[in-house]
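Novice: Would you mind keeping the following structure in view while I ask a few things?
Number of protein chains: 2
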Amino acid sequence: MKHYSYNNFFMNFANKTKLRIILVLENGPLSVNEITDRVKSEQSRISHNLRKLLQCHILNVKQKGKQRIYSLNSETVVPILKIVKRHIKKNCLVCKIKNKSGD
Amino acid sequence: MKHYSYNNFFMNFANKTKLRIILVLENGPLSVNEITDRVKSEQSRISHNLRKLLQCHILNVKQKGKQRIYSLNSETVVPILKIVKRHIKKNCLVCKIKNKSGD
DNA sequence: TGTTCATATGAAACATTATTCATATAATAA
DNA sequence: TTATTATATGAATAATGTTTCATATGAACA
């Protein structure tokens, strides 16, 4: 599946696991295991989610030995997050972005 | 429910119906019936979706006689859409935003 | 007040997406 | 070429979100 629609793109931000991955990668590239750790999740789950993020070009990968290093497409992602952060602040809405629970 | 998380915000763009509402409102404010027409949907469905868009301050409303006029929070929405449009173009991905089918 | 037009809402049915579990593949080094 | 570590994948199950349908509410006006 090589094409996708707008809503597909946004689905990556709409899902907690994917969003957490994105946020974790804001601090720089990481391997799958590292992401799994930081997100306190499980490898298979992370891999499934990474795939979709990749399909939408929200992330990039490169091989490094046995590992795969995922990095953020910051050109697109950073400005979007910035706008949304401002939006949330401006509208005085409680932001639960730090919700780190397992789901 | 007055607070929401990042992913909730994005959920409004991740759903086809909601996204279509947003896109239709890019051309200016509309009443519920007008939105229902343009989106070729059904009133109750539109109302349900409008509610969530409103909760996230993606839309605003005002009363006008019997009608309720919904308008876009363009300050937030327009720049986000702009970034995503560029992203899709840049990554040579087929954009199916014009998918106007009934679902 | 009763009627009409416009919109909202609750709950059940339905649809879609995510996670889990078991297992496969891929790269590297011994 | 086998063992090991790292990651990916398919399919069933679980979780979540969306629509539908029936009905309620609300504004305006006769």
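Heads up: the sequence lines are chains A and B, in that order.
Residue numbers for the first sequence follow my numbering, beginning at 7 and rising by one.
Residue numbers for the second sequence follow my numbering, beginning at 7 and rising by one.
Think of the CB as a built atom: it goes at the ideal place given N, C-alpha and C, for glycine as much as any other residue.
Remember, predicted model here, so these are calculated numbers, not experimental data.
1) For a minimum of 4 consecutive residues, which ranges assigned as the alpha helix (DSSP H) are wholly contained in the segment 58-102 of chain A?
2) I want to verify the contact list: residues of chain A whose CB lies under 9 Å from the CB of Asn55 (chain B), in sequence order.
3) Are the CB atoms of Ile64 (chain B) and Leu94 (chain B) within a distance shorter than 8 Å?
4) Please report the straight-line C-alpha distance between Ser50 (chain B) and Leu87 (chain A), rounded to a whole angstrom.
5) Does the separation of the CB atoms of Val38 (chain A) and Arg74 (chain A) fall below 8 Å?
6) CA-CA distance, Asn97 (chain A) and Leu56 (chain B)?
7) Under a three-way DSSP split, which group does Ser47 (chain B) fall into?
8) DSSP three-state label for Ser37 (chain B), please.
9) Confirm, please, whether the CB-CB distance from Lys24 (chain B) to Lys70 (chain B) is below 8 Å.
10) Should Leu25 (chain B) be flagged as near chain A, meaning a C-beta pair shorter than 8 Å?
Specialist: So, to answer that:
1) Runs of the alpha helix (DSSP H) inside the segment 58-102 of chain A: 80-96.
2) As a first step, residue 55 (chain B) is located in the second sequence; it is residue number 49 there, counting from the start. Neighbours of Asn55 (chain B) on chain A: none; closest Cβ ~13 Å, over 9 Å.
3) If you number the second sequence from 1, residue 94 (chain B) lands on position 88. If you number the second sequence from 1, residue 64 (chain B) lands on position 58. Here residue 94 (chain B) is Ile; the residue named in the question, Leu, does not match the sequence. The Cβ atoms of Ile94 (chain B) and Ile64 (chain B) lie no closer than 8 Å to each other.
4) Counting from one through the second sequence, the residue named residue 50 (chain B) turns up at place 44. Counting from one through the first sequence, the residue named residue 87 (chain A) turns up at place 81. If I take the Cα positions, the gap works out to 32 Å.
5) Locating residue 38 (chain A) in the first sequence gives position 32, counting from the first residue. Locating residue 74 (chain A) in the first sequence gives position 68, counting from the first residue. Taking 8 Å as the Cβ cut-off, Val38 (chain A) and Arg74 (chain A) qualify as a contacting pair.
6) To locate residue 97 (chain A), count along the first sequence from 1; it is residue 91. To locate residue 56 (chain B), count along the second sequence from 1; it is residue 50. In this structure, the alpha-carbon of Asn97 (chain A) lies about 18 Å from that of Leu56 (chain B).
7) For this step, residue 47 (chain B) is matched to residue 41 along the second sequence. If DSSP states are grouped into helix, strand and coil, Ser47 (chain B) belongs with coil.
8) As a position in the second sequence, residue 37 (chain B) is number 31, starting the count at 1. In the structure shown, Ser37 (chain B) falls within a strand segment according to DSSP collapsed to helix, strand and coil.
9) Numbered from its first residue, the second sequence carries residue 70 (chain B) at position 64. Numbered from its first residue, the second sequence carries residue 24 (chain B) at position 18. For Lys70 (chain B) and Lys24 (chain B), no; Cβs fall outside 8 Å.
10) One-based indexing of the second sequence puts residue 25 (chain B) at position 19. Closer than 8 Å to some Cβ of chain A, the Cβ of Leu25 (chain B) qualifies, so yes.
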